[in-house]
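Below you'll find the structure, written out as structure tokens, and then a few comments.
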Amino acid sequence: MDFRYLPMTPEDKKEMMESIGIQEIEELFSDIPESIQFKGEMNIAPPASEHDLMKELQTLSSRNMNVKDYPSFLGAGVYDHYIPSVVDHVLRRSEFYTAYTPYQAEISQGELQAIFEFQSMICELTNMEVANSSMYDGLTALAEAAVLAASESRMKKKKILVSEGLHPEGFEVLETYTDGLGLVVERIPLQEGKTDLEHLKQEIDDDTAAVILQYPNFVGSIEDLKEAEAIIHEHKALFIVSSNPLALGILAPPGNFGADIVVGDCQVFGIPAQMGGPHCGYFAVSKKLMRKIPGRLVGQTRDKEGTRGFVLTLQTREQHIRRDKATSNICSNQALNALAASVTMSALGKKGIRTMASANVKKAHLLKEKCKKAGLTIVHEQPVFNEFVIDMKQPVREVNQKLYQQGIIGGYDLAMSDHTKEGHMLVCVTELRTEEEMDHFVKTLEGLV
Amino acid sequence: MIQNKEQPLIFERSRPGRVGHGLGDIDHTNEKVEDILPADYIREEEPELPEVSELQLIRHYTSLSTRNYGVDSGFYPLGSCTMKYNPKMNEDVARMPGFAHVHPYQPEEQVQGALEVMYHLQQSLAEITGMDEVTLQPAAGAQGEWTGLMMIRAFHEANGEKGRDKVIVPDSAHGTNPASAAVAGFTPVTVKTDERGLVDLDHLRELAGSDTAALMLTNPNTLGLFEEDIVEMAAIIHEAGGRLYYDGANSNAILGISRPGDMGFDVVHLNLHKTFTGPHGGGGPGSGPVGVKKELIPFLPKPVLQKTEKGFTWDSERPQSIGRVKPYYGNFGINLRAYTYIRTMGAEGLRKVSEYAVLNANYLMRRLEPYFDLPYNRHCKHEFVLSGKRQKKLGVKTLDMAKRLLDYGYHPPTIYFPINIEECMMMEPTETETKETLDEFADAMIQIAQEVEENPEIVQEAPHHTVVKRLDEALAARKPVLKYGDSNQD
Ligand SMILES: Cc1ncc(COP(=O)(O)O)c(C=O)c1O
Chain A
1 MDFRYLPMTP EDKKEMMESI GIQEIEELFS DIPESIQFKG EMNIAPPASE
51 HDLMKELQTL SSRNMNVKDY PSFLGAGVYD HYIPSVVDHV LRRSEFYTAY
101 TPYQAEISQG ELQAIFEFQS MICELTNMEV ANSSMYDGLT ALAEAAVLAA
151 SESRMKKKKI LVSEGLHPEG FEVLETYTDG LGLVVERIPL QEGKTDLEHL
201 KQEIDDDTAA VILQYPNFVG SIEDLKEAEA IIHEHKALFI VSSNPLALGI
251 LAPPGNFGAD IVVGDCQVFG IPAQMGGPHC GYFAVSKKLM RKIPGRLVGQ
301 TRDKEGTRGF VLTLQTREQH IRRDKATSNI CSNQALNALA ASVTMSALGK
351 KGIRTMASAN VKKAHLLKEK CKKAGLTIVH EQPVFNEFVI DMKQPVREVN
401 QKLYQQGIIG GYDLAMSDHT KEGHMLVCVT ELRTEEEMDH FVKTLEGLV
Chain B
1 MIQNKEQPLI FERSRPGRVG HGLGDIDHTN EKVEDILPAD YIREEEPELP
51 EVSELQLIRH YTSLSTRNYG VDSGFYPLGS CTMKYNPKMN EDVARMPGFA
101 HVHPYQPEEQ VQGALEVMYH LQQSLAEITG MDEVTLQPAA GAQGEWTGLM
151 MIRAFHEANG EKGRDKVIVP DSAHGTNPAS AAVAGFTPVT VKTDERGLVD
201 LDHLRELAGS DTAALMLTNP NTLGLFEEDI VEMAAIIHEA GGRLYYDGAN
251 SNAILGISRP GDMGFDVVHL NLHKTFTGPH GGGGPGSGPV GVKKELIPFL
301 PKPVLQKTEK GFTWDSERPQ SIGRVKPYYG NFGINLRAYT YIRTMGAEGL
351 RKVSEYAVLN ANYLMRRLEP YFDLPYNRHC KHEFVLSGKR QKKLGVKTLD
401 MAKRLLDYGY HPPTIYFPIN IEECMMMEPT ETETKETLDE FADAMIQIAQ
451 EVEENPEIVQ EAPHHTVVKR LDEALAARKP VLKYGDSNQD
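Chains as they are written, first to last, in UniProt numbering: chain A, 1 to 449; chain B, 1 to 490.
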């Protein structure tokens, strides 16, 4: 069988073997002990032609209900937003996507500059001083932030206080990351959909390495970062904020409130949902944590003729130099998705991002009003960005089934992560939802209660 | 067209009033945000994002792309990274709407097609590695390493063995190995490489003991050599009660030829962005699935994908699981590309991949051997290391030769890794390159070796034909400028 990715001809093979001094390719593997050589053929599907495989995958693809064909009210960390056409045209430039980490700066200026611009845009949005070149996703970035905070205290402070407004999978990931290091994650409950700061005051102590708040939080509410900051810094803990960066187009940025570390996910900027990945974590810190930040950093410099250029910098933080003393083990990151986010942020620009973020606020408000008018119960009355909770007083699973029959993708079932929240549906409205879609959604829900 | 000199930052192209988006009249409600949100919640200062038109934006990124070098631009023998061709079909598959635009929280019945792909990929990877079950959750190789080590830790703890806190790592190991061991809460200890370029068995015997949690190994190792004592090493570690971890970054040498599971490894990660063509993306995203032997299955990250009569479903009832390592289900978009590739190649194709990757590497090694020091003179696998010692004596460093290669239009090999080889150059040609390309590259290397003897300055001063000359890394680190608006000046 011929393979289009393998250019070896019989003639090449013969010449190459001659020049190496072997008769058979197998000789190159003669150092593999007989007992562990694989005999026979692996039991996987036989090679498929391009056309057949394309057809088969198209069939599988069409078996999934996708959020571009059906109106979706599902968010909970992954959102259906406007993706400018330019994004994919840039991503398809193969000089970007077929390159690897820009170790050789002189032939990687394009990637390095794009990342430098990404870092700059993240700093602008968060109002922080330093941002890295990306993390796997927002929630592993958050877990790394917690580890960074503990290591700032030389692992003396063991406690991480986390608002229950954090994404439930954020808790799960955080628990896995901190488990190996002997750190303890403690929860601060919500009160009326916002972090109970009185509770925080009681729990925080000198053993607290960091306090984590999500902004807007998982149930949609916008937290009071200013009041939280005062409590946190009084106890010399680090203030970590996990933030939807699109929301920062309209909301006051965490940097304004003295956050030490701000993390989140840039999926909202031109990155398709893709069943949950790859997305793109960002990680921003204040200047005093610059040398502790995980992952790659691009810095500006000059060549020997004085021309501006960009390089990977402050690499002594990283695993390939510091090995077991590194601040993190991250190596490959999400560079291409950081590029997608940069292109999107550039397309939106300083005015467009506000327009888009405001549209989320307004449409969420509109849907909330429509729900109320229809007699649906809104669980807590807080200012929100683009998500809020409806109490359906019946299993959300079943509600979503009914919505599905109407060709609508329903909201997130909060009972999935907290059984006391049976009937609570987290509803998301982005700038893409039309009034018509909202009316259809509300009418369907109305018919159920 | 060489675009010399500086390229404006996108911020420097910005002019007030230009727009690059097509949001249109999206904001059609009559409400004002100020009437919905309390005033102190609203940001006062606008974020300084650029204001550019769509054409300006496209020209900006197009010109940046011309200042970058990928596998599609030319030969990229970056050792340990497997810079093989990235099939275009994979890119089209990843953009199919039913794959690109599905939400991880849609009910299972809405995403059966996506789950089916994931399930079959898991099955294929288990077969390829010789393991019993695979998770697709880890985002990249390093996260796979950490995931695997956390599972080994949970395994030992479940057996009442809390004292196993050491992870043995060869001195030639990639930096992520000791770093992953440390972030998983272990203490890494280093085992030496012997004169064959393989793990020093006597030293390994000394280190293995009741405190050994695991041995981490790449095989072929980072010198491109097959650890031929692997069966014995596995016995040493297993007898001591430890487990074997396989760093799959070098799997391109062994597909269908020898499986980590058969070598005695208990946990394996693969780098789908390397061996299985998920593109490298300028540094990511990757994907680092982890495979395990039966005894470790209970500790897999949750949820675990299962096939039942009702279709594919997620199982979250896993009491011994280490928990979740990544939100949702891993880097699905990259896993999809890897699946497309595996289906294109089949078992027959994958075996050829490794045969040709190894043939290409040995051919290139033999062509270069007369001109550079070859630390280990034996058949290599998919990559090999050379040392620039001989050239260093003439005052030319490996770094200089790497920069000189840029003038010849090539991406240089990996340099100064592994760290136990002086002036190291690590070359991995991959199976997707033609003999002509290997010959041309070898000619360029030989030419550079000659330049080192006859005209060392031209190498020391390289590169000469790139858009910027050699960049001042010390300045970048001394006075960091990490965003627009910062300055290298005091
Ligand atoms: C030998 C080896 N191990 C581990 C890794 C880490 O993999 P990743 O970059 O996918 O995290 C690499 C990648 O550079 C590698 O070459």
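The beta-carbon is built from N, C-alpha and C at its ideal position, and this holds for glycine as well.
Keep in mind that this is a model prediction, so the values were computed, not measured.
Kindly list, in the order they appear in chain A, the residues whose Cβ is closer than 8 Å to that of M216(B). Chain-ordered listing is empty here: chain A has no CB closer than 8 Å to the CB of M216(B), the nearest sitting near 12 Å.
Rounded straight-line distance, which links the Cα of C380(B) to that of I122(A): About 45 Å.
Let me see if you follow: with CB-CB separation under 8 Å, is K393(A) close to chain B or not? Not flagged as an interface residue toward chain B: K393(A), since no C-beta distance is shorter than 8 Å.
Consider the Cβ of F239(A): report whether some Cβ of chain B lies at a distance smaller than 8 Å. Interface criterion not met: the Cβ of F239(A) is under 8 Å from no Cβ in chain B.
By the 10 Å Cβ neighbour count, where 16 or more other Cβ atoms means buried, how is M1(B) classified, buried or exposed? Note that M1(B) has pLDDT 45, beneath the 50 cutoff, so the model's placement of it is unreliable and the number below is only indicative. The residue in question, M1(B), is exposed, as its Cβ has fewer than 16 Cβ neighbours within 10 Å.
Which residues bound the alpha helix (DSSP H) around Y282(A)? Where Y282(A) is concerned, there is no enclosing alpha helix (DSSP H), although the beta strand (DSSP E) it sits in stretches over G281 to V285.
List the whole-angstrom C-beta distance separating I212(A) from I240(A), where the pair is believed to meet the contact cut-off of C-beta under 8 Å. That belief holds up - the Cβ atoms of I212(A) and I240(A) are roughly 5 Å apart, short of 8 Å.
Please determine whether the Cβ atom of S73(B) lies at a distance below 7 Å from any heavy atom of ligand 1. Not under cutoff, so the answer is no.
Residue range of the unbroken beta strand (DSSP E) whose run includes Q306(B): Per DSSP, Q306(B) belongs to the beta strand (DSSP E) from V304 to T308.
Note down, in chain order, each residue of its chain lying with its Cβ closer than 7 Å to the Cβ of D132(B), except the 5 sequence neighbours on either side. So the qualifying residues of the chain are A126, V292, K293, K294 and I297.
Would you verify that the beta carbon of Y412(A) is, or is not, closer than 8 Å to some beta carbon of chain B? Taking 8 Å as the CB threshold, Y412(A) lines the interface with chain B.
Taking S172(B) and N420(B) to be in contact with their CB atoms under 8 Å, please state how far apart those CB atoms are, rounded to whole angstroms. Their Cβ separation, rounded to whole angstroms, is 5 Å, which keeps S172(B) and N420(B) in contact under 8 Å.
Among residues of its own chain, excluding the 5 on either side of E437(A), which ones have a beta-carbon nearer than 8 Å to its beta-carbon? Once the five neighbours on either side are set aside, the close Cβ partners of E437(A) are P71 and I408.
Roughly how many angstroms separate the alpha carbons of residue 457(A) and A182(B), rounded to a whole number? Only positions 1 to 449 of chain A appear in the structure, and residue 457(A) is not among them; the question remains open.
Put R43(B) into one of helix, strand or coil per three-state DSSP. Here R43(B) sits in coil by DSSP.
is_contact[T62(B), chain A] using C-beta, thresh 8 Å: Answer yes: the Cβ-Cβ gap between T62(B) and chain A drops below 8 Å somewhere.
Any beta carbon from chain A within less than 8 Å of S210(B)'s own beta carbon? At a cut-off of 8 Å between beta-carbon atoms, S210(B) makes no contact with chain A.
Considering only DSSP beta bridges, list what M426(B) is partnered with. Looking at the DSSP assignment, M426(B) forms a beta bridge with V385(B) and T414(B).
So does S80(B) have its beta carbon nearer than 7 Å to some heavy atom of ligand 1? Yes, ligand 1 has a heavy atom inside 7 Å of this Cβ.
Does N64(A) have its Cβ less than 8 Å from a Cβ in chain B? N64(A) counts as touching chain B.
Which residue from R354(A), K194(A) and T9(A) puts its Cα closest to that of V384(A)? Out of R354(A), K194(A) and T9(A), K194(A) has the C-alpha closest to the C-alpha of V384(A).
Could you name each continuous beta strand (DSSP E) segment of 3 residues or more that falls completely within the region 255-324 of chain B, going from the start of the chain to the end? Runs found: 267-270, 290-292, 304-308 and 311-315.
Taking 8 Å as the threshold (C-beta atoms), are L174(A) and L142(A) in contact? The Cβ atoms of L142(A) and L174(A) sit closer than 8 Å to each other.
Just reading off the beta strand (DSSP E) that Y79(A) is part of, what are its end residues? For Y79(A), there is no enclosing beta strand (DSSP E), as DSSP marks it with neither H nor E.
For A150(A) versus G283(B), is the C-beta spacing smaller than 8 Å? The Cβ atoms of A150(A) and G283(B) do not sit closer than 8 Å to each other.
Endpoints, the beta strand (DSSP E) within which P170(B) is located: Note, P170(B): beta strand (DSSP E), K166 to P170.
Assign M1(B) to one of three DSSP states: helix, strand, or coil. Any reading at M1(B) must be qualified, since the residue scores a pLDDT of 45, below 50, and its modelled position is unreliable; no value is offered.
What whole-angstrom Cβ distance do D407(B) and A449(B) have, given they're in contact under 8 Å? Between D407(B) and A449(B) a beta carbon distance of about 15 Å is seen, past the 8 Å cut, so the two are scored as non-contacting.
Where T444(A) and A374(A) are concerned, what is the direct C-alpha to C-alpha distance, given to the nearest angstrom? Cα to Cα, the separation comes out at about 11 Å.
At least three beta-carbon pairs within less than 8 Å, the region 66-84 of chain B to the region 124-138 of chain A: These segments do not touch.
Strictly under 8 Å for the Cβ-Cβ distance: is K350(A) near chain B by that measure? It does: the Cβ of K350(A) has a partner Cβ on chain B nearer than 8 Å.
Report yes or no: is there a C-beta of chain A within less than 8 Å of the C-beta of L272(B)? L272(B) does not count as touching chain A.
For Y363(B), return the contacting residues in chain A, with the cut-off set at a CB-CB distance below 7 Å. Chain A residues near Y363(B): M16, S19 and I20.
Using the C-alpha atoms, what's the distance from P272(A) back to R154(A)? Answer to the nearest angstrom: the Cα atoms are 39 Å apart.
With hydrogens ignored, establish whether the beta-carbon of residue 545(B) is closer than 7 Å to any heavy atom of ligand 1. Nothing in the structure corresponds to residue 545(B), since chain B is present only between 1 and 490.
Give me the Cα-Cα distance between E66(B) and V134(B), rounded to the nearest whole angstrom. It should be pointed out that residue 66(B) corresponds to Thr in this sequence rather than to Glu. For T66(B) and V134(B), the distance between alpha carbons rounds to 39 Å.
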